[in-house]
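In this note's numbering, the protein residues as written are 513 to 581. All C-beta atoms in this analysis are idealised placements derived from N, C-alpha and C, irrespective of residue type, glycine included. Below is one structure, written out as C-alpha cells; comments come after it.
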Amino acid sequence: MHASPGSQLIIKGHHVGEPDRKGEVLEARGPGGSEPFLVRWDDTGHASLLFPGNDCVIEAIHHAGAVAR
C-alpha cells in the first residue's frame, strides 16, 4: 500500500453502526511511499504511526487544475 502526504486514509468500521475513521497522511515512512504512515486523525487531531490492514482505503489527493488520465 502506498500513500503521499496529504492523502486521505479511511479505516472502515468493523461493526454495524461503527463509523469509519478518517485521517490525513502526514508522512510515508517506508521505502517508496509505503507503510508505515504517520496519520493525523480527523476525530481527535492526534497523530499516530499506522501499519494499515485490509480495512483501510487511501484516497489520493487531487490538485486543482490537474488533468485526470
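Am I right that residue i and residue j are in contact with their C-beta atoms under 8 Å? What's the rounded C-beta distance?
i	j	result
P543	L561	Not confirmed; about 16 Å, so no contact.
V537	P517	6 Å
Using the rule of at least 16 other Cβ atoms within 10 Å of the residue's Cβ for burial, across every protein chain shown, is residue i buried or exposed?
i	result
A572	exposed
G535	buried
S476	This structure cannot settle anything about residue 476, because the visible part of the chain is limited to 513 through 581.
Identify the residues that DSSP records as bridge partners of residue i: which are they?
i	result
E571	Q520
E547	Answer is none; E547 lacks a bridge partner.
A559	R552
A540	F549
H514	S546
G535	L521, W553
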